[in-house]
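Quick note: the sequence shown, position 308, residue 307 per numbering that gives the first Met the number 0, numbers continuous. Where is the CB? At the ideal position from N, CA and C, for every residue including glycine. Keep in mind the model is a prediction, meaning the values are calculated, not measured. Scroll down for the structure; my scribbles are underneath it.
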Amino acid sequence: MEPTCITFDSGLRLVYLHKPSSVAHLGFFFRAGSRFEKENQTGLAHFLEHCVFKGTKKRSGIQTISRLDEVGGELNAYTAKEELCLHASFPKQHLARAIELLSDISVNPTFSKREVQKEKEIVIDEINSYLDSPSDKIFDDFEEEFFKGHALGNNILGKREDLKKLSQKDLHEFVKSYFSKENLVVSFVGDLPIESLERYLNKYMENMPNKGVAIKINPFSGYEPFNIVRKESNYQAHLILGGMAPNYFDEKRTAMAMLMNMLGGPAMNATLNISLRERHVLAYSIEAAYVPYADVGFWQIYVGCESKNINKSIKLIHKELTRLQNKQISVAKLKRLKQQFKGQLALSMDVNSGLMHSLGKSLLAFGQIDTLEDIHKSIDAILAEDIQALAQNCMKISEISSLIFDLKD
Numbered sequence: 000m001e002p003t004c005i006t007f008d009s010g011l012r013l014v015y016l017h018k019p020s021s022v023a024h025l026g027f028f029f030r031a032g033s034r035f036e037k038e039n040q041t042g043l044a045h046f047l048e049h050c051v052f053k054g055t056k057k058r059s060g061i062q063t064i065s066r067l068d069e070v071g072g073e074l075n076a077y078t079a080k081e082e083l084c085l086h087a088s089f090p091k092q093h094l095a096r097a098i099e100l101l102s103d104i105s106v107n108p109t110f111s112k113r114e115v116q117k118e119k120e121i122v123i124d125e126i127n128s129y130l131d132s133p134s135d136k137i138f139d140d141f142e143e144e145f146f147k148g149h150a151l152g153n154n155i156l157g158k159r160e161d162l163k164k165l166s167q168k169d170l171h172e173f174v175k176s177y178f179s180k181e182n183l184v185v186s187f188v189g190d191l192p193i194e195s196l197e198r199y200l201n202k203y204m205e206n207m208p209n210k211g212v213a214i215k216i217n218p219f220s221g222y223e224p225f226n227i228v229r230k231e232s233n234y235q236a237h238l239i240l241g242g243m244a245p246n247y248f249d250e251k252r253t254a255m256a257m258l259m260n261m262l263g264g265p266a267m268n269a270t271l272n273i274s275l276r277e278r279h280v281l282a283y284s285i286e287a288a289y290v291p292y293a294d295v296g297f298w299q300i301y302v303g304c305e306s307k308n309i310n311k312s313i314k315l316i317h318k319e320l321t322r323l324q325n326k327q328i329s330v331a332k333l334k335r336l337k338q339q340f341k342g343q344l345a346l347s348m349d350v351n352s353g354l355m356h357s358l359g360k361s362l363l364a365f366g367q368i369d370t371l372e373d374i375h376k377s378i379d380a381i382l383a384e385d386i387q388a389l390a391q392n393c394m395k396i397s398e399i400s401s402l403i404f405d406l407k408d
């Protein structure tokens, strides 16, 4: 079964996938992530994510968070660099309740002064907890250096000094700027007719503004490689290597995703897992990822290991990246990589809640949903020379950045 995409006259977009299940999943995806924050307002999008649950014009905070809980559903949210998502999972007979609640939260948040101040303390505790976890912090610090001077480098949680200055006015202005129909994608996966979605969305979303213009982004440029070592770890050293990669509109994005999956994806036979962990016993944690944004992308490799093994790990990673640049992978290996990549894609689509998030993010980012057949065709079209060219263009040793969290003295 393939998803259906509808654009309402107002500009609101809906992606719908019918899946037989007693549980339905609904998400409101706004193009309103941390890259849209103004200078000295880092953390505003994430703070808004917290505060929208603290009450609306018709509900108190307790009534808001209890609305789905009392029928066995769940209400949650997350903030990323390019989107802010409000989402719910619920017994399918409560669709109207879920749509009405997410609409009310999106259109009518009140941000009372008392609740805003209380939530600041919660988020500051969250920031403190994150600062105490170097294995998490290193990823955000790497992006901060990678996108230095640009909003893409903003830590999603924000800075404590900026958070303390945020006001009710800042929250209302952010909602006014980014919570509009043409800046929203609604994603639904469940066993209900699409006509029900359309009817309830038209009913409960009529008061959301319709600006008639799309949100523009400030593109990133000026990447400069860096190599930084900081004393920020207590027990284990942490390393991230990375460099530039295609954005999510680039036709090479599928090949890039498959390349990083080969190097350090979830499978135990990933190249760097075999090299660093199985053969040389240098590290327990090895991960590789490709992160595309609208205008730019980057790849990264993470290693958590003993401090004495950092340099050896870097050398082995460089060796594997250089090998990819100098020699094409075999036809047999390419075939295995494609088969594995397709299988992992199928597994990721096996969970309905994850599928709802994937569809919503795809429509918000691309303006379209690729069918599984389209994705398989793009995978099948990848050639060995495509993998080699990506390695040559994106993984030159001189263009790779690194950030190391070594043990404190």
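Paired residues, beta bridge with residue i - DSSP
| i | result |
| --- | --- |
| H17 | G189 |
| H86 | G26 and N75 |
| P291 | G296 |
| I403 | V228 and L238 |
| G54 | S59 |
| M257 | DSSP output for M257 lists no bridge partner at all. |
| L47 | L47 is not bridged to any residue. |
| S284 | G303 |
| M348 | Partner(s): none; M348 has no beta bridge. |
| R12 | T6 and V184 |
| A244 | G296 |
| P108 | T55 |
Whole-number beta carbon distance between residue j and residue i, since they are thought to touch under 8 Å
| i | j | result |
| --- | --- | --- |
| L83 | I104 | That pair is no contact at about 12 Å. |
| I300 | G241 | 7 Å |
| F28 | V184 | 4 Å |
| L262 | A269 | 6 Å |
| F52 | V122 | 13 Å between Cβ atoms; not a contact. |
Spatial distance of residue i from residue j (CA atoms)
| i | j | result |
| --- | --- | --- |
| N233 | L333 | 41 Å |
| S20 | G189 | 6 Å |
| L444 | M267 | With the chain represented from 0 up to 408, any question about residue 444 goes unanswered, as that position is not in the structure. |
| R113 | L25 | 30 Å |
| Q324 | F297 | 17 Å |
| E36 | M204 | 25 Å |
| T370 | A23 | 21 Å |
| D349 | G342 | 11 Å |
| G353 | H171 | 30 Å |
| V295 | A388 | 18 Å |
| N154 | A44 | 11 Å |
| I328 | E384 | 8 Å |
| D169 | F141 | 28 Å |
| S220 | L156 | 23 Å |
| N209 | K180 | 5 Å |
| L94 | G148 | 43 Å |
Environment of residue i [buried if 16+ CB atoms lie within 10 Å]
| i | result |
| --- | --- |
| Y283 | exposed |
| D124 | exposed |
| S401 | buried |
| K119 | buried |
| H279 | exposed |
| E319 | buried |
| E81 | buried |
| T6 | exposed |
| G115 | Checking the sequence shown, residue 115 turns out to be Val, not Gly. Buried. |
Cβ-heavy atom distance, residue i to the ligand GDP, below 7 Å
| i | result |
| --- | --- |
| I403 | Among the components of this structure there are no ligands whatsoever, and the ligand GDP is therefore not found. |
| message | Quick check: the region 230–248 against the region 127–139, are at least 3 beta-carbon pairs closer than 8 Å? | response | Yes, the region 127–139 touches the region 230–248.
| task | Assess, as a yes-or-no matter, whether the region 32–44 is touched by the region 161–168 under the definition of 3 or more beta carbon pairs within less than 8 Å. | result | Taking a cut-off of 8 Å on C-beta distances, the region 161–168 touches the region 32–44, as three or more cross pairs fall below it.
| message | Does the region 64–76 come into contact with the region 184–198, if we say contact requires no fewer than three beta-carbon pairs (one atom in each stretch) closer than 8 Å? | response | The answer is no - the region 184–198 does not touch the region 64–76, with fewer than three Cβ pairs under 8 Å.
| message | Counting beta carbon pairs with one atom in the region 14–32 and one in the region 352–362, are three or more of them shorter than 8 Å? | response | Between the region 352–362 and the region 14–32, the count of Cβ pairs shorter than 8 Å is three or higher; the stretches touch.
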